[in-house]
Amino acid sequence: MKFDACLDPSRFWFILEELYKADIIDNFYHETIRKTGCFYSKKFNVYIDTSDGINDDYGLQDPCERILAIVKETRGKPFLFFKNYYSPTLCSNIEKVASENNGKVIPFFYWDHSDSFRYYEWSIRKELTKKSKMAKKIHDVGMCARIEKYKCPLPSMYDPRISWKGAEWFGLYPAKDMGYVEIDTRLEFFEKFLKSRFNFHHITNVPFEKMLDESMKWKAVFDPPGNANVSFRMLEHGWLAQCVILRKSDVDFAVSWKPYFPEVNFKVSNWEDQIGTILSEKEEWGEKSLHYLETYCNPKYIVDYFVQTINEFEGCL
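Okay, structure coming up:
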């Protein structure tokens, strides 16, 4: 099966070479659906969602504007929808729309598409890993993030499954301003760690290289939720075999990261004890995280999984 692909090369840089090697693409064109890789064939279409997902704290479902734009485009044609940062809880509306319109949602993987990771860290990650392992650990937990409110557009007045901004972005309905819901998640975590028993270090607004250097002095890196439940910090530090602590959620990749990245339930009274245990096993967690990324989140594995899933889907049509 061959496809015409429409995507933003800068967002898909991590797997582009492997896509070429897989020999499933006839032609490459510019992105047609926002933050989405679109793969068109006569028999069925395939889509890769590279959006961030949504933070649990918003109290909203992952919005359906992208999947509805796909349904509008496919007009009953079968399709696969690969969802990065998949959550069975937050993506239930998306799955319902897909299943009712001849589509199927597939949990997927993701990569860091930032220029900093691509042009700095990726090529020298092994050297940086050695440097990080040799660095003296001064702080128990560190966090690099802006301490600011995050906001998410509220549902559209025309369809509660989509955001009012999404209605505009994807050309589904007029953009009637319904306002935003705001969250203070990062401030809450910042204050939590400041009041905790841990030696906590926070940095923000520093160059990427400086951020990585500072993180090497931390026993563990906390990846604080922002607009989504996880951020690129998970990948940037995981690739350096650093211990990365995540907030417990049901967000995951196609091959679960749960056994490889420690997650903490901050809603329970013993969350500090959970982190204490993680810190006592920090080297082991760092090695497990790196093993996971090298094994399951490398470009070849991701594209092989992508192609295998496509072939299985085609065989069922």
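For the sequence shown, this note's numbering gives the first residue as 3, with consecutive numbering after it.
Don't be surprised by glycine CBs; every beta carbon is placed ideally from N, CA and C.
Asked, Found
"C-alpha gap between Tyr31 and Phe5, whole angstroms", "11 angstroms"
"The stretch 103 to 120 touching the stretch 70 to 86, judged by at least three CB pairs closer than 8 angstroms", "yes"
"Member of Asn229, Gly144, Thr34, Ser43 whose CA lies at the smallest distance from the CA of Tyr182", "Asn229"
"Residue range of the unbroken alpha helix (DSSP H) whose run includes Ala71", "67 to 76"
"Reduced DSSP category for Lys98 - H, G, I as helix; E, B as strand; rest coil", "helix"
"First through last residue of the beta strand (DSSP E) which encompasses Phe81", "81 to 85"
"8 angstroms Cβ cutoff met for Asp1 and Trp166", "A query on residue 1 cannot be resolved here, the shown segment of the chain reaching from 3 to 319 and no further."
"Neighbourhood of Phe315 by C-beta, 6 angstroms cutoff - its chain only, sequence neighbours within 5 removed", "Leu82"
"Any chain D beta carbon closer than 8 angstroms to Glu150", "Among the chains of the structure shown, chain D does not appear; only one protein chain is present."
"Validate contact between the stretch 111 to 128 and the stretch 204 to 214 using beta carbons, cut 8 angstroms, 3 pairs", "yes"
"Reference Asp58; option with closest CA among His239, Lys302, Ala169, Cys154", "Cys154"
"Buried versus exposed call for Glu283 [16 or more other C-beta atoms within 10 Å across all chains shown]", "exposed"
"Complete alpha helix (DSSP H) runs within the stretch 226 to 300 (minimum length 4 residues, chain order)", "235 to 240, 273 to 282, 284 to 298"
"Secondary structure of Ser12, DSSP reduced to three states", "coil"
"Per DSSP, cross-strand counterpart(s) of Trp220", "His141"
"For Val305, three-class secondary structure by DSSP", "helix"
"Supposed close pair Phe224, Ile247 - CB separation, criterion 8 angstroms", "5 angstroms"
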